[in-house]
Amino acid sequence: MALSTFSIPSYLGTFTELLGQHLYMALTASLLGLVISLPAGLACVRWPRLYPPVLAVASVLYSIPSLAFFVLLISFTGITPTTVILPLALYTLSGLIPNVVDGLRSVPAETRQAATAMGMRRPRQLVTIELPLAFPAVMAGLRVATVANISMVSVGALIGMGAFGSLFTAAAQLDRVELAVTGILITIVMALTVDLALLAAQWYATPWTRAGGSAPIARRTPFRSLRRATRQTVAPGVRTS
Amino acid sequence: MTTLWFYFTDFLSNPESWRGTDGIPNRMMEHALYTILALVISIALAFPVGLWTGHSGRGGAALTAIANSARALPTYGVLVLLVVMMGIGLVPVLIPLVALAIPPILLNTHEGIRAVSPQLTDAARGMGMTGSQVLLRAELPVALPFILVGMRTAAVQIVATATIAAAVSFGGVGRLIVDGLARRDFTLVVGGGILAAVAALIVLAFFAALRRFLVSPGLRAHAKGGH
């Protein structure tokens, strides 16, 4: 591919600036979503009657169009990265909270009983046993949310806060196809790179998912477990707008 | 909050907001038209495929791959690309909307049918049902709540993205937002923003009603999850 494909009109800023802004908005939104989802998910497991209303609120938030969300926030937060970050963070809840809840619920009762028998109290059980075991499920949700966030930041371009999304606005205004193609390619490469980075982080953080089990250890190549980790069992929403 | 309310009441009480092509009824009708068209097309394409792959158990990995790549695709960019290449029209606007809606319908239909207990399908077969009868009379009704969640996600995506279509000179309630931003007329921006949110809530309400009418009462406790 010719290098000129990646030339960006100079008035939009440099490639590095746009990359920094784009990743800052997308990743902060994911992190904020996670910070809200963990206690919310924990509360839903502790008090199951909380779960249906929490899910309902999350799905109503998820349904608000991003453009509408952005413009309605302008009067509170102005035209700042926060205006883009907040809606994206709230969208991640509808995918992350169910994953946190399912992850925590999937911890076997025997495991919990063993921890209690060893004299562990609830807070320590939660931190050392339950959260690590729920980690793969949480990561699956986080990866989906992050990929969606990276592609959704570009809608922010309509209020002047879209980082690489500004390439699309420029493409429409200047009638230049190659700007749109460049923007799409950059977004996809960014999303795939961050997704792989999260997958690698998960792989290193969960050594127990690779040891033991039914198959002989020798047959469990890293590639195989990476591939297994990539698979999604539940069908999450595919929000990109 | 009071400012938002001020702008919105201002927008609603202005008789100009209700008249002509830029009026609320016309913009909402346009929005509904794009949404319904795109949803019907994507259901027609994705639902039968999901039923078949779910019933036969084949193609699950391919479906997941499609859904994962769709997640990374910036819809706004695809929309601009198609409009710059093909000119403004219904087709370049509908393609990204349909592309967006297919993965959740396909995946949820596939997963929903896959998740039906084999004991149930065995029993249906034991009663003498043929393959298609098992699918339509045993698997489909049981999987319906999950399938409806997928269709609801798709519809929500379409309603949300149809707002962006205004950025490429198209209609719908997004028109009010984009024009308002260009003219620095915040009454129009807030009015359009709230109308877009209302359109999304109408979709949620529609699917809640659909679920009440279509899903067998015995199954309602299930499939609370999803989006």
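Residue numbers (our numbering), protein chains in the order written: chain A, 1 to 241; chain R, 1001 to 1227.
In this text, a Cβ means the ideal position worked out from N, Cα and C, and glycines have one as well.
**Q.** DSSP-derived helix/strand/coil call for I64(A)
**A.** Translated into positions along the first sequence, residue 64(A) becomes position 64. For I64(A), the three-state secondary structure derived from DSSP is coil.
Q: Tell me whether N1014(R) is buried or exposed, calling it buried when 16 or more other Cβ atoms sit within 10 Å of its Cβ.
A: Counted from its first residue, the second sequence places residue 1014(R) at position 14. The residue in question, N1014(R), is exposed, as its Cβ has fewer than 16 Cβ neighbours within 10 Å.
(Q) For the stretch 1137-1155 of chain R against the stretch 1166-1173 of chain R, do three or more pairs of beta-carbon atoms, one drawn from each stretch, fall closer than 8 Å, so that the two count as touching? (A) Segments in contact, no.
Q. Using the rule of at least 16 other Cβ atoms within 10 Å of the residue's Cβ for burial, across every protein chain shown, is T11(A) buried or exposed?
A. As a working note, residue 11(A) is residue 11 in the first sequence. Checking the sequence, you will find Tyr at residue 11(A) rather than Thr. By the neighbour-count criterion, in which a residue is buried when 16 or more other Cβ atoms sit within 10 angstroms of its Cβ, Y11(A) is exposed.
Q.
For chain A, check one thing: does any of its Cβ atoms lie closer than 7 Å to the Cβ of T1163(R)?
A. Numbered from 1 along the second sequence, position 163 holds the residue referred to as residue 1163(R). For T1163(R), the answer is yes, since a Cβ of chain A falls inside 7 Å of its Cβ.
**Q.** Three or more C-beta pairs below 8 Å linking the stretch 121-128 of chain A and the stretch 1050-1058 of chain R
**A.** Contact between the stretch 121-128 of chain A and the stretch 1050-1058 of chain R is absent, because fewer than three Cβ pairs lie under 8 Å.
Q | Exposed unless 16 or more other CB atoms sit within 10 angstroms - verdict on G160(A) | A | By 1-based counting over the first sequence, the position of residue 160(A) is 160. That one is exposed.
Q: Verify whether the separation of the beta carbon atoms of V84(A) and M25(A) is less than 7 Å.
A: Start at 1 with the first residue of the first sequence, and residue 84(A) comes out as number 84. Start at 1 with the first residue of the first sequence, and residue 25(A) comes out as number 25. Between V84(A) and M25(A), the gap from beta carbon to beta carbon is short of 7 Å.
Q. If we ignore side chains and look at the alpha-carbon of each, how far apart do M152(A) and P1074(R) end up?
A. Position 152 of the first sequence, counted from the first residue, corresponds to residue 152(A). Position 74 of the second sequence, counted from the first residue, corresponds to residue 1074(R). Their Cα atoms are separated by approximately 6 Å.
**Q.** Nearest-angstrom Cα separation, counted from A1208(R) out to G1060(R)
**A.** Start at 1 with the first residue of the second sequence, and residue 1060(R) comes out as number 60. Start at 1 with the first residue of the second sequence, and residue 1208(R) comes out as number 208. Using only the alpha carbons, I get a separation of about 28 Å.
Q. Count the other CB atoms within 10 Å of the CB of L1181(R); is the residue buried (16 or more) or exposed (fewer)?
A. Working through the second sequence from its first residue, we reach residue 1181(R) at position 181. By the 10 Å Cβ count, L1181(R) comes out buried.
**Q.** Nearest-angstrom Cα separation, counted from T116(A) out to E110(A)
**A.** Translated into positions along the first sequence, residue 110(A) becomes position 110. Translated into positions along the first sequence, residue 116(A) becomes position 116. So the two alpha carbons sit approximately 10 Å from each other.
Q | Local Cβ density within 10 Å of I1036(R), reported as buried at 16 or more and exposed below that | A | As a position in the second sequence, residue 1036(R) is number 36, starting the count at 1. That one is exposed.
Q) Between G41(A) and V100(A), is the Cβ-Cβ spacing less than 7 Å? A) The residue labelled residue 41(A) in the question sits at position 41 within the first sequence. The residue labelled residue 100(A) in the question sits at position 100 within the first sequence. A contact, by the Cβ cut-off of 7 Å.
Q. What is the rounded straight-line gap between the Cα of L192(A) and the Cα of A1155(R)?
A. Within the first sequence, the letter at position 192 stands for residue 192(A). Within the second sequence, the letter at position 155 stands for residue 1155(R). For the pair L192(A) and A1155(R), the Cα-to-Cα distance works out to about 26 Å.
Q: Whole angstroms is fine: what's the gap from L1045(R)'s alpha carbon to I1147(R)'s?
A: As a working mapping, residue 1045(R) is identified with position 45 in the second sequence. As a working mapping, residue 1147(R) is identified with position 147 in the second sequence. The alpha-carbon atoms of L1045(R) and I1147(R) are separated by roughly 14 Å.
Q | C-alpha distance - I1024(R) paired with F168(A), whole-angstrom precision | A | Stepping through the second sequence from its first residue, residue 1024(R) is reached at position 24. Stepping through the first sequence from its first residue, residue 168(A) is reached at position 168. In a straight line, the C-alpha of I1024(R) is about 28 Å away from that of F168(A).
Q. Taking Cβ positions only, does L72(A) come closer than 7 Å to chain R?
A. For the purposes of this step, residue 72(A) is identified with residue 72 of the first sequence, where counting begins at 1. Yes, its Cβ sits closer than 7 Å to a Cβ of chain R.
(Q) Across the stretch 1097-1106 of chain R and the stretch 176-184 of chain A, are there enough close Cβ pairs to call them in contact, namely three or more that are closer than 8 Å? (A) Too few Cβ pairs lie closer than 8 Å, so no.
Q. Going by beta carbon distance, what residues of the same chain come within less than 8 Å of L1107(R), once the five residues before and after it are set aside?
A. As a working mapping, residue 1107(R) is identified with position 107 in the second sequence. Within the same chain, L1107(R) has close Cβ partners G1050, L1063, T1064, A1067 and G1150.
Q: With DSSP as the reference, label T16(A) as helix, strand or coil.
A: The residue given as residue 16(A) occupies position 16 in the first sequence. Secondary structure of T16(A) (DSSP, three-state): helix.
Q: Spell out whether any CB of chain R is found under 7 Å from the CB atom of R100(A).
A: Numbered from its first residue, the first sequence carries residue 100(A) at position 100. One point to set straight first is that residue 100(A) is Val, not Arg, in the sequence displayed. By this cut-off, V100(A) is not an interface position.
Q.
Check this for me: beta carbons of A58(A) and S94(A), under 7 Å apart or not?
A. Along the first sequence, read from residue 1 onward, the residue named residue 58(A) stands at position 58. Along the first sequence, read from residue 1 onward, the residue named residue 94(A) stands at position 94. Their beta carbons are under 7 Å apart, which means A58(A) touches S94(A) by this criterion.
Q | Per-residue contacts from P1217(R) into chain A (C-beta, under 9 Å) | A | Here residue 1217(R) refers to the residue found at position 217 of the second sequence. Under the 9 Å cutoff, chain A gives no residues; its nearest Cβ is about 17 Å from P1217(R).
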